[in-house]
Amino acid sequence: MSFRNTLLSMFVQFVGCKIFVDGAFAGGQAWTSWQNLQGNYGLQEIYTDDTGGPEMNLTRIVERVEDYGMNMHYHVQGDRAIGAVIEALDKVSSARGNLTGVHTLIHMGFPNDEQIEKIRKFDGHVVMTVQPAFWSVENDTAYYYGEHNKDAYPIKKLIDSGTPVGISTDFSVSPLEYSPATMVIRVAVTGGGDPQSHLPLSVTEAIRGFTVGSTATTSRNDTGVLYPGYKADMVVYEKDLYSVPFDEMSMDNPRVIATYVGGKEVYRG
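Residue 281 in the numbering used here sits at position 128 of the sequence shown, and the numbers go up by one each step.
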């Protein structure tokens, strides 16, 4: 191994990559099986065969990722995008006997029940990451999706399926005020102010999404829970998150007392 490659292996480790299968939900670009109100089916960024060339074939991409032992994140919003990834993963899994890496489906705007069940059957090698704040941030997208919009981001249903689900903010796409965990929890437990369309989560489900669920999207097995021997970055609040009324939670309430990263205190409020 050359000196340069030795340094790379010491200081830079490539553990995963990301691919966009469809476009931005907020721009009406979710790749769907049904026509949106703008008269199209969203934006298809990738192919399920060699139509766009072998380098654009999702199945070949999954094969290469598995060969390299890397994890993969897939930006998927519409049901067509989700289905394309599931199809590619199923082909590779069937041909090789199983998947070895962790494949994370990000956002999950319009999954259907059949797709949710198929994801569960990958036995933890296919997981999800969702952003409850989108219920509030993207609440005006009925312009594109019409009646389908109320069914977007069925996070509670994804969690109830038993497949690991991580929760994140999608910073810096989402506004800064929706980045604090307390603000995300507020949206999650209130259904974004529309609990009839968005089934609310419990505080426990939200916290598990930030911790255990998010760890499942990585190749690590030493984070996500507060057990001896595990690693954790921590935020200390002035109040127990379970004691704060949902409608009083905000980016500043409860107040952050301290933040620890890598075992060191990096902030003291």
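From the three backbone atoms N, C-alpha and C, an ideal C-beta is built for every residue, glycine too.
Per DSSP, residue i forms a beta bridge with which residues?
i    : result
A411 : V389, R421
M336 : Answer is none; M336 lacks a bridge partner.
Y200 : N210
L258 : Y227, M281
State buried or exposed for residue i, treating a residue as buried only when at least 16 other CB atoms are found within 10 Å of its CB.
i    : result
E219 : buried
M387 : exposed
I338 : buried
V378 : exposed
T185 : buried
W288 : buried
R361 : buried
L242 : buried
R423 : Residue 423 is absent from the structure shown; the chain starts at 154 and stops at 422.
P328 : exposed
E198 : buried
Q230 : buried
N251 : exposed
G176 : buried
I410 : exposed
E208 : exposed
V245 : buried
F415 : According to the sequence shown, residue 415 is Gly rather than Phe. Result: exposed.
Y331 : buried
Answer yes or no: do residue i and residue j have a C-beta to C-beta separation smaller than 9 Å?
i    : j    : result
Y296 : G181 : yes
T257 : E240 : no
V356 : V340 : no
V279 : H260 : no
T322 : L394 : no
A234 : V318 : no
P353 : G344 : yes
F399 : G262 : no
V200 : N210 : The residue asked about is misnamed: residue 200 is Tyr in this sequence, not Val. Yes. Within cutoff.
G169 : V255 : yes
N189 : D232 : no
A359 : P407 : no
Can you give the Cα-Cα distance for residue i and residue j, rounded to whole angstroms?
i    : j    : result
Y390 : V419 : 14 Å
H114 : F324 : No information on residue 114 is available, as it lies outside the stretch 154 to 422 that the chain covers here.
V290 : Y306 : 12 Å
H228 : P333 : 22 Å
F363 : R273 : 20 Å
M402 : D203 : 50 Å
V238 : Q268 : 10 Å
I214 : I320 : 26 Å
K309 : N193 : 28 Å
D276 : T370 : 13 Å
G382 : T376 : 9 Å
S247 : R217 : 15 Å
D304 : K271 : 19 Å
W187 : D405 : 41 Å
D293 : V326 : 16 Å
G206 : I312 : 36 Å
G299 : M281 : 25 Å
I172 : M223 : 13 Å
K392 : T412 : 14 Å
Just to confirm the assignment, what range does the beta strand (DSSP E) spanning residue i have?
i    : result
V318 : 318–320
K171 : 169–173
Name the two residues that bound the continuous alpha helix (DSSP H) containing residue i.
i    : result
R361 : 356–361
E267 : 266–273
F287 : 287–290
L252 : Careful: L252 lies outside any alpha helix (DSSP H) and carries neither H nor E.
L424 : The requested residue 424 is not part of the displayed model; the chain covers only 154 to 422.
A295 : 295–298
For residue i and chain C, any beta-carbon pair shorter than 9 Å?
i    : result
P207 : No chain C appears in the structure shown, which is made up of a single protein chain.
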